[in-house]
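Report on the structure given below.
2 protein chains.
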Amino acid sequence: MGSRGDTLKLRDVARAAGVSEITVSRVIRSKGPIAEETRQRVEAAIRAIGYVPNRLAGALRTTAVSELVGVVLPSLNNIVFLDVLRGLNEVLSAGGFRSVISVTEYSPEAECELVRSLLSWRPAAIIVTGRQHEAATERLLSEASVPVIELMDTDGAPIDIAIGMSHAKAGQDMARHLLGRGYRRFGYIGPVLTKDLRAGARCDAFVETLRAAGAQLLGTETMSGPSPVQGGRDALARLLAAHPAIEAVYFSNDDAAIGGLFHCMAEGIAVPERLAIAGFNGLDVGQLMPKPLTTTLTRRFEMGCRAGAAILDQLAGIEVPKISDLGFELIPGATA
Amino acid sequence: MGSRGDTLKLRDVARAAGVSEITVSRVIRSKGPIAEETRQRVEAAIRAIGYVPNRLAGALRTTAVSELVGVVLPSLNNIVFLDVLRGLNEVLSAGGFRSVISVTEYSPEAECELVRSLLSWRPAAIIVTGRQHEAATERLLSEASVPVIELMDTDGAPIDIAIGMSHAKAGQDMARHLLGRGYRRFGYIGPVLTKDLRAGARCDAFVETLRAAGAQLLGTETMSGPSPVQGGRDALARLLAAHPAIEAVYFSNDDAAIGGLFHCMAEGIAVPERLAIAGFNGLDVGQLMPKPLTTTLTRRFEMGCRAGAAILDQLAGIEVPKISDLGFELIPGATA
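Those sequence lines, one after another, are chains L and P.
Heads up: the first sequence runs through residues -3 to 332, numbered per the numbering used here.
Heads up: the second sequence runs through residues -3 to 332, numbered per the numbering used here.
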């Protein structure tokens, strides 16, 4: 590690470009009238000597808004959040912003600490996942002087801006679809419901719709461990051993449903003839299997893009809707 | 959005806790002797009134190191980088640091701009992916006054610290394994080689080892599009149409190899009897298939953890090895 890049000053750039320091400063901050030829000369000098402008100091000195956006995700164990981040980064980076990422591992207490910590960075905006937070977190977010985005979920009244979909409606729609196919004896496989509240909302609406139609939920199994594919595969083995009469199983996500399909392949259980399987998310890997998975396609990349756009709009003074419901699409597939 | 949290001052906390402002400041900065009872009273007051300490200003005022670590990744389209981030975040967050994430989409020019931009935040450390960079990027990194980690790859001399594995050795080992199984006519499926340089290094060593053993590479296919599973499935169809005599195909990653397996399932091609398939990464989804994928297990989570630990050590003045080769493990599986 050298230290030259760290100690270069505005005046070194000014000398190299043959202009005044104020001109260099204007080019760096994109402020004030600058001739195109001068701008190019300064930028060439910056590249030539390896000068790094100190934006952090600049942001504080001018009390301009920071270029960091705080993002609080429940987990980095799921490609779904990567899709959201990808959309978010695409829009934010085009606007000159960067994401600072924190992970709660689905703990509401951890969320509160992380939100407090991220706010101490004076971010340009803060993004949290879902709509349920501890009272202290709600207060921190509602008193923050920056845009607050609650992502993934649109059921209920948002703190500031909610972008996502209705998980209750997704659970209801899948129940109706499976009932329409003639199934009457169901099973459910998902995480501990108090942990992933969006999976819980889908499950509640799914079960309620079954009951209203006079169908039965014969049993449920809870997944554990770090791998959702492994969790789904093991949980289906346990569920079928305990309730052999089950005709159709609703999994909390596609990874778990794919694990369930692998169990059926290995055990010679015909899908969907003997057992129907449905997932949630619409991942590529499920759609590219020889029998595409019956599932609900969620618009994760679009949610990330929309969140990025809402932040840029709000910071530019353009009004943003309180709730953006991006909906979902039921994919009939071939496994149910 | 309210603004109360934003305008609360040290003196509001001091008043609520019944202590002096300097005492509150000491508690926030963990500096100087403070009675445990006083510390608890101040922290309770901070929580009660919702005060958010401004760490950014603090960091600059005391010229302490920033708590942000810049991370430059090639893509957010691959669960592999999520595993790395997960390990990194686990160690960094325990040390009070946060990741600022940027994505190059495998463009060396974008990498240079992103490194320059991240350095302007005066991060505590910077992490880039791989060992090949533009000359301007190399210079920025070698002149940076913070720890620089090159992640994923250990072939060659690092700028500062390299943590990863030898991709050349991984390609060589898989070639030897497949030759040992008796295959002689090979195909390769991967991204454009100039794009993912680590996949390129594996492919080069794979092909060289085949040639040295007198075996043949009959053909290669390039994947395109956003989905590696789809890319692998389509590329295998094209490869087999052009070169029906191929006995074994080496895919640049497990996602693509799983796409290839799906093609074989759909077309009734017996694996490994008619066609052998090998991947790279050792993802769960490949290992949980009825016939586990033949592949190379990479230690992505561990690479992230090790990078986080190297940063914490280096900042604490503990010496860190220039190169940490975490190795890999060939998984024989059942598809080759």
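Even for Gly, the Cβ is constructed at its ideal location relative to N, Cα and C.
Just so it is clear, the structure is predicted and the values come from calculations on it, not from any experiment.
Cβ of residue i within 7 Å of any chain P Cβ
i	result
residue 249 (chain L)	no
residue 99 (chain L)	yes
residue 96 (chain L)	yes
residue 61 (chain L)	Confidence in residue 61 (chain L) is poor, its pLDDT being 47 and thus under 50, which makes the residue's placement unreliable; the coordinate value appears in the next sentence. By this cut-off, residue 61 (chain L) is not an interface position.
residue 82 (chain L)	yes
residue 51 (chain L)	Bear in mind that a pLDDT of 45 at residue 51 (chain L), under 50, signals an unreliable position, so the number given afterwards is only what the model happens to contain. So, interface residue.
residue 223 (chain L)	yes
residue 68 (chain L)	no
residue 88 (chain L)	no
residue 299 (chain L)	no
residue 72 (chain L)	yes
residue 232 (chain L)	no
residue 147 (chain L)	no
residue 319 (chain L)	no
Test item: CB-CB of residue i and residue j under 7 Å
i	j	result
residue 7 (chain P)	residue 297 (chain P)	no
residue 163 (chain L)	residue 198 (chain L)	yes
residue 99 (chain P)	residue 72 (chain P)	yes
residue 119 (chain L)	residue 65 (chain L)	yes
residue 245 (chain L)	residue 331 (chain L)	no
residue 35 (chain P)	residue 13 (chain P)	no
residue 230 (chain L)	residue 282 (chain L)	no
residue 260 (chain P)	residue 87 (chain P)	no
residue 307 (chain L)	residue 121 (chain L)	yes
residue 262 (chain L)	residue 286 (chain P)	yes
residue 31 (chain P)	residue 20 (chain P)	no
residue 320 (chain L)	residue 159 (chain L)	yes
residue 151 (chain L)	residue 194 (chain L)	no
residue 225 (chain L)	residue 232 (chain P)	no
residue 280 (chain P)	residue 62 (chain L)	no
residue 294 (chain L)	residue 329 (chain L)	no
Chain L within 7 Å of residue i, Cβ atoms only
i	result
residue 36 (chain P)	no
residue 65 (chain P)	no
residue 288 (chain P)	no
residue 238 (chain P)	no
residue 226 (chain P)	yes
residue 1 (chain P)	Since pLDDT at residue 1 (chain P) reaches only 37, below the 50 mark, its modelled position is unreliable, and no value is offered.
residue 302 (chain P)	no
residue 265 (chain P)	no
residue 58 (chain P)	Unreliable placement is indicated for residue 58 (chain P), whose pLDDT of 34 sits below 50; the coordinate value is still reported in the next sentence. Closer than 7 Å: no.
residue 157 (chain P)	no
residue 277 (chain P)	no
residue 229 (chain P)	yes
residue 258 (chain P)	yes
residue 262 (chain P)	yes
residue 75 (chain P)	yes
residue 12 (chain P)	no
Where the alpha helix (DSSP H) containing residue i begins and where it ends
i	result
residue 12 (chain L)	6 to 13
residue 89 (chain P)	75 to 90
residue 233 (chain L)	224 to 238
residue 140 (chain P)	Run containing residue 140 (chain P): none; DSSP gives neither H nor E here.
residue 280 (chain L)	280 to 283
residue 174 (chain P)	163 to 176
residue 272 (chain L)	Run containing residue 272 (chain L): none in the alpha helix (DSSP H); it sits in the beta strand (DSSP E), 272 to 274.
residue 316 (chain P)	Per DSSP, residue 316 (chain P) belongs to no alpha helix (DSSP H) and is neither H nor E.
Beta-bridge pairing of residue i - partner residues as DSSP gives them
i	result
residue 247 (chain L)	L:185
residue 217 (chain L)	L:185
residue 324 (chain L)	L:294
residue 100 (chain P)	Partner(s): none; residue 100 (chain P) has no beta bridge.
residue 146 (chain P)	P:124, P:158
residue 212 (chain P)	P:181
residue 94 (chain P)	P:64
Integer Cβ distance of residue i from residue j, believed to fall under 8 Å
i	j	result
residue 221 (chain L)	residue 247 (chain L)	Not really, about 15 Å apart at Cβ, beyond 8 Å.
residue 70 (chain P)	residue 102 (chain P)	5 Å
residue 123 (chain L)	residue 303 (chain L)	6 Å
residue 218 (chain P)	residue 188 (chain P)	6 Å
residue 214 (chain L)	residue 183 (chain L)	6 Å
residue 252 (chain L)	residue 185 (chain L)	6 Å
residue 339 (chain P)	residue 68 (chain P)	Outside the modelled stretch of chain P, which goes from -3 to 332, sits residue 339 (chain P), for which no answer is possible.
residue 170 (chain L)	residue 274 (chain L)	6 Å
Endpoints, beta strand (DSSP E) assigned at residue i
i	result
residue 125 (chain L)	121 to 125
residue 66 (chain P)	64 to 69
7 Å Cβ cut-off: residues of chain C touching residue i
i	result
residue 255 (chain L)	Absent from the structure is chain C; the protein chains it does hold are L and P.
Residue i: CB within 6 Å of a non-hydrogen atom of the ligand ZN
i	result
residue 161 (chain L)	Among the ligands in the structure shown, none appear at all, so the ligand ZN cannot be discussed.
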